[in-house]
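Asker:
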Amino acid sequence: APLAAFREAQGLRARVIDAEEIYNAFTDGLAHPEAFRRFSAAGVAQAGGPVLRYLLFAGHGGSDYKLEVFPPGGAGAYPALFPLYLVPQVETVANPPGALLLPNDPVLGDVQGDAVPEVAVGRFLATNALELAHMVQKTIRYELTETWKRKAVFSCDWQNVGAKYANFPGIAAATAASFPGAGWWLETFYPAPDQSYLAPLWRDTYYRTGISYELQEGSGFYYFVGHSSDLIAGNSGANKLFDAPMLRAASWQFAPVALLMGCRMGRWTLLDLKSEQQAIAEAGVRNPESGFAAVVSAAGYMTTAEAASFSQAFGGQIAAGARRLGDVWRGAFATLGHDRALALRHMVLLGDPSLCTRPDQTARGTSADWLLAQGLSGDPYADLLDQDGDGFVTWIEAQAGTGALVGGMRVIRLALPQAGSYDPLAAVPDPDAPVIVLSVEPLAGLACRVVAADDPGSVLWTPLPWRPVGGEAWTTGPIPGDWPLKQVEVPFDGSARRRFYKLVSEP
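Be aware that the sequence shown starts at 206, since it is given in the working numbering, and climbs by one per residue.
Shown next as structure tokens:
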């Protein structure tokens with residue numbers, strides 16, 4: 206599982222579990238969403254503290270998870286579904302008015318029952334292995350380091366007039382204000398008070414400006430707030446900013462994270478097995494190469510006040526330095542409090558909740574500026590690999606203050622044998638004497654020596670004998686620059702109050 210291995214390398218404990226294992230453990234083998242809620246509770250209520258923070262479903266879901274209404278066929282679009290908890294929503298002001306049954310994913314991670322999830326739940330809405338592989342690739346690729354990834358694009362709907370007035374530009378601007386302090390720089394596209402036609406904001410081919418051009422150039426975050434439906438973002442079909450088919454056909458090279466604040470854009474349970482009709486959020490994340498890496502949006506109707514409060518709570522978590530998307534998600538719900546969080550149980554997170562969204566540093570805390578200075582851009586694994594083969598991965602090099610592509614020396618361990626098993630007064634170090642194990646990275650193939658002194662400011666440093674780790678014979682010659690082994694042992698003087706070691710190149 207490439208994504209699980211990627212997260213493990215970042216320091217998380219990741220496990221891939223078949224849903225059947227969870228059903229068997231928590232609902233006596235019954236395929237029921239309560240199994241996932243109990244699984245989350247078990248992961249949070251541990252004696253030593255919570256061990257579960259993120260839960261990612263790999264596969265589509267639906268209320269007909271037994272496939273009784275839509276039995277699977279040879280060409281079926283949704284051959285297997287995760288069972289869902291649903292939340293009803295009645296909307297009397299909609300045209301036409303009616304009721305919806307919406308996915309209720311926050312409840313799966315809500316252990317305390319206060320509408321604030323302790324576990325961030327996300328979904329890869331894949332229907333086959335190839336589609337899942339594309340989602341994994343987009344997710345991992347999102348965590349590369351590039352200067353342009355720090356760009357956050359903010360947009361909104363027309364504010365309208367009279368009784369339909371809504372200050373969408375103000376909501377967008379207030380949310381955007383939280384981002385620059387966290388390392389983002391902004392591009393904004395807000396319509397003028399009399400600009401109801403939004404198409405030029407998306408793509409102005411004459412001036413070659415607009416949101417789509419910014420996404421083509423590369424950005425790490427996209428935001429929209431305004432009127433919307435399942436398929437359309439904007440105040441009407443004629444005046445839309447974008448729609449689901451546009452996201453399905455999108456071709457920008459890098460898939461950003463999106464926060465889409467409007468009505469029903471996240472209703473991924475809009476299943477149409479004949480045409481595979483997809484809501485906006487689903488269309489974005491299921492684009493195999495482009496679209497969005499992850500989307501946070503509402504599956505149902507939301508008021509302007511709810512859009513504003515969630516947007517600003519989300520932005521507040523960004524400003525506070527939350528590292529992963531799931532942490533932003535959980536923190537936003539905690540900021541809202543019980544009543545507002547309860548009203549927004551239909552919020553969805555499509556994508557990996559453990560996705561690292563900070564533009565200024567990696568999941569391991571490595572500075573993006575430092576990686577760029579090392580020439581290590583464009584690779585999500587850049588600080589997880591041992592770039593110079595010295596036995597230390599790059600994020601450790603960054604913390605140690607050494608270059609990722611240059612030489613140096615690190616202490617690995619101190620090996621102390623039992624007293625009496627060696628001669629401490631031997632003229633030549635006893636093979637069984639105490640040693641310090643060092644990891645050495647020769648500089649540009651130059652031979653080198655390990656030297657020691659009692660004071661770091663001393664002008665007299667004594668060359669030390671050395672040997673390969675586990676070897677018996679000591680040598681006083683230089684360590685060859687092309688020596689294939691990277692770890693050596695040097696004698697340890699236990700009688701010294703303090704001892705300093707460093708690596709020097711041979712002239």
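Think of the CB as a built atom: it goes at the ideal place given N, C-alpha and C, for glycine as much as any other residue.
Looking at the structure shown, is M466 part of a helix, part of a strand, or coil, going by DSSP?
Answerer: Working through the sequence shown from its first residue, we reach residue 466 at position 261. Here M466 sits in strand by DSSP.
Asker: I need the boundaries of the beta strand (DSSP E) containing T540, first residue and last residue.
Answerer: Stepping through the sequence shown from its first residue, residue 540 is reached at position 335. Unbroken run through T540 is the alpha helix (DSSP H), 530-541; no beta strand (DSSP E).
Asker: Would you kindly work out how many angstroms separate the C-alpha atoms of F359 and V430, rounded to a whole number?
Answerer: Here residue 359 refers to the residue found at position 154 of the sequence shown. Here residue 430 refers to the residue found at position 225 of the sequence shown. For F359 and V430, the distance between alpha carbons rounds to 9 Å.
Asker: Use the C-beta contact count for P629: other C-beta atoms within 10 angstroms, 16 or more gives buried, fewer gives exposed.
Answerer: Start at 1 with the first residue of the sequence shown, and residue 629 comes out as number 424. The predicted model places P629 with a pLDDT of 49, which falls under 50 and marks its position as unreliable; any figure quoted below should be read in that light. With fewer than 16 other Cβ atoms within 10 Å, it is exposed.
Asker: Could you check where the beta strand (DSSP E) with A357 kicks off and where it finishes?
Answerer: For the purposes of this step, residue 357 is taken as residue 152 along the sequence shown, with counting starting at 1. Run containing A357: 356-361, per the beta strand (DSSP E) assignment.
Asker: Just confirm the distance between the C-beta atoms of L549 and E487, as a whole number of angstroms; I'd bet it's less than 8 Å.
Answerer: Indexing the sequence shown from 1 puts residue 549 at position 344. Indexing the sequence shown from 1 puts residue 487 at position 282. L549 to E487, Cβ: 19 Å. No contact.
Asker: Excluding the 5 residues flanking A449 on each side, which residues of the same chain have their C-beta closer than 6 Å to its C-beta?
Answerer: Counting from 1 along the sequence shown, the entry for residue 449 is found at position 244. Around A449: L436, Q483, I485, A488.
Asker: Roughly how many angstroms lie between the CA atoms of A224 and L291, to the nearest whole one?
Answerer: Here residue 224 corresponds to residue number 19 of the sequence shown, with the count starting at 1. Here residue 291 corresponds to residue number 86 of the sequence shown, with the count starting at 1. Spanning the two alpha carbons is a distance of roughly 19 Å.
Asker: Hey, quick one: how far does the beta strand (DSSP E) through L446 stretch, first residue to last?
Answerer: As a working note, residue 446 is residue 241 in the sequence shown. Element bounds for L446: 445-448.
Asker: Starting from L305 and walking both ways along the alpha helix (DSSP H), at which residues does that stretch end?
Answerer: Along the sequence shown, one-based indexing puts residue 305 at 100. It is not in any alpha helix (DSSP H) - L305 instead sits in the beta strand (DSSP E) that spans 303-308.
Asker: When we look at the beta-carbon of T571 and count the other beta-carbons within 10 Å, is it buried (16 or more) or exposed?
Answerer: For the purposes of this step, residue 571 is identified with residue 366 of the sequence shown, where counting begins at 1. By the neighbour-count rule (16 or more Cβ atoms within 10 Å), T571 is buried.
Asker: Can you list, in chain order, the residues of its chain whose CB lies under 7 Å from that of G625, leaving out five sequence neighbours each side?
Answerer: The residue you call residue 625 lines up with position 420 of the sequence shown. In this predicted model, G625 has a pLDDT of only 49, less than 50, meaning its place in the structure is not dependable enough to derive any value.
Asker: May I have the straight-line CA-CA distance separating Q522 from V533, to the nearest angstrom?
Answerer: Start at 1 with the first residue of the sequence shown, and residue 522 comes out as number 317. Start at 1 with the first residue of the sequence shown, and residue 533 comes out as number 328. Those two C-alpha atoms are separated by around 5 Å.
Asker: From the DSSP secondary-structure annotation, give me the bridge partner or partners of W671.
Answerer: Taking the sequence shown and counting its residues from 1, the one referred to as residue 671 is at position 466. Paired residues: T680.
Asker: Let me confirm a value: V390 is counted as buried when at least 16 other C-beta atoms fall within 10 Å, else exposed. Which label applies?
Answerer: Locating residue 390 in the sequence shown gives position 185, counting from the first residue. Residue 390 is actually Trp in this sequence, not Val. W390 comes out exposed.
Asker: State the start and end residues of the unbroken alpha helix (DSSP H) segment that holds G662.
Answerer: Position 457 of the sequence shown, counted from the start, is the residue given in the question as residue 662. From DSSP, G662 is part of no alpha helix (DSSP H); its letter is neither H nor E.
Asker: Do A652 and P683 have their C-beta atoms within less than 8 Å of each other?
Answerer: Residue 652 sits at position 447 when you count from the first residue of the sequence shown. Residue 683 sits at position 478 when you count from the first residue of the sequence shown. Going by C-beta atoms, A652 is nearer than 8 Å to P683.
Asker: Using the Cα positions of K445 and T344, report the straight-line distance between them to the nearest angstrom.
Answerer: As a first step, residue 445 must be located in the sequence shown, where it is residue number 240. As a first step, residue 344 must be located in the sequence shown, where it is residue number 139. In a straight line, the C-alpha of K445 is about 28 Å away from that of T344.
Asker: Using C-beta distances below 7 Å, list every residue in its chain close to R218, excluding the 5 sequence neighbours before and after it, in chain order.
Answerer: Here residue 218 refers to the residue found at position 13 when the sequence shown is read from its first residue. Excluding residues within five positions, none has a Cβ falling inside 7 Å.
Asker: When burial is assigned at 16 or more other CB atoms within 10 Å of the CB, is R703 buried or exposed?
Answerer: By one-based count along the sequence shown, residue 703 stands at place 498. The residue in question, R703, is exposed, as its Cβ has fewer than 16 Cβ neighbours within 10 Å.
Asker: What residues are listed by DSSP as bridge partners for A499?
Answerer: Reading the sequence shown from its first residue, position 294 is the one you call residue 499. BP columns for A499 point to V462.
Asker: What do you get for D593, buried or exposed, if any count of 16 or more other CB atoms within 10 angstroms of its CB means buried?
Answerer: The residue you call residue 593 lines up with position 388 of the sequence shown. Classification of D593: buried, given that the 10 Å Cβ count is 16 or more.
Asker: According to the Cβ coordinates, are S495 and E351 closer than 8 Å?
Answerer: Walking along the sequence shown from the start, residue 495 turns up at place 290. Walking along the sequence shown from the start, residue 351 turns up at place 146. Not closer than 8 Å, so no.
Asker: Can you check whether the CB of I227 is closer than 8 Å to the CB of F211?
Answerer: By one-based count along the sequence shown, residue 211 stands at place 6. By one-based count along the sequence shown, residue 227 stands at place 22. It is not a contact, given that the beta carbons lie outside the stated cut-off.
Asker: Is the beta carbon of D557 closer than 8 Å to that of L261?
Answerer: Start at 1 with the first residue of the sequence shown, and residue 261 comes out as number 56. Start at 1 with the first residue of the sequence shown, and residue 557 comes out as number 352. For L261 and D557, yes; Cβs fall inside 8 Å.
Asker: Can you give the Cα-Cα distance for S456 and W407, rounded to whole angstroms?
Answerer: Counting from 1 along the sequence shown, the entry for residue 456 is found at position 251. Counting from 1 along the sequence shown, the entry for residue 407 is found at position 202. Going by the C-alpha atoms only, they are around 14 Å apart.
Asker: When we look at the beta-carbon of A713 and count the other beta-carbons within 10 Å, is it buried (16 or more) or exposed?
Answerer: Residue 713 falls outside the range modelled here, since the chain spans only 206 to 712, and no answer is possible.
Asker: By the three-class DSSP mapping on this structure, what secondary structure does W390 have?
Answerer: Residue numbering aside, residue 390 sits at position 185 when the sequence shown is read from its first letter. W390 falls in the strand class under three-state DSSP.
Asker: Provide the residue(s) that pair with Y427 in DSSP beta bridges, ordered along the chain.
Answerer: As a first step, residue 427 must be located in the sequence shown, where it is residue number 222. Answer is V358, A463, bridged to Y427.
Asker: Does S441 come out as helix, strand or coil in the three-state DSSP assignment?
Answerer: Numbered from its first residue, the sequence shown carries residue 441 at position 236. DSSP places S441 in coil when its eight states are reduced to three.
Asker: Report the option in Y506, D319, L576 whose CA atom is closest to the CA atom of E348.
Answerer: What you label residue 348 is simply residue 143 of the sequence shown in a count that begins at 1. Nearest of Y506, D319, L576 to E348, Cα basis: L576.
Asker: Which residue marks the beginning of the beta strand (DSSP E) containing M552, and which one marks its end?
Answerer: Reading the sequence shown from its first residue, position 347 is the one you call residue 552. Looking at the DSSP string, the run of the beta strand (DSSP E) that includes M552 is 552-555.
Asker: Are three or more beta carbon pairs between the region 460-469 and the region 499-507 nearer than 8 Å?
Answerer: Short answer: they touch.
Asker: Whole beta strand (DSSP E) runs in the region 217-293 with 3 or more residues, listed along the chain?
Answerer: Here the runs fully enclosed are 259-263.
Asker: If you check the beta carbons only, do A603 and D584 fall under 8 Å apart?
Answerer: Residue 603 sits at position 398 when you count from the first residue of the sequence shown. Residue 584 sits at position 379 when you count from the first residue of the sequence shown. Against a cut-off of 8 Å, the Cβ pair of D584 and A603 comes out as no contact.
Asker: What are the residues that DSSP puts in a beta bridge with V326?
Answerer: What you label residue 326 is simply residue 121 of the sequence shown in a count that begins at 1. In the DSSP output, where bridge partners are listed per residue, V326 has L260.
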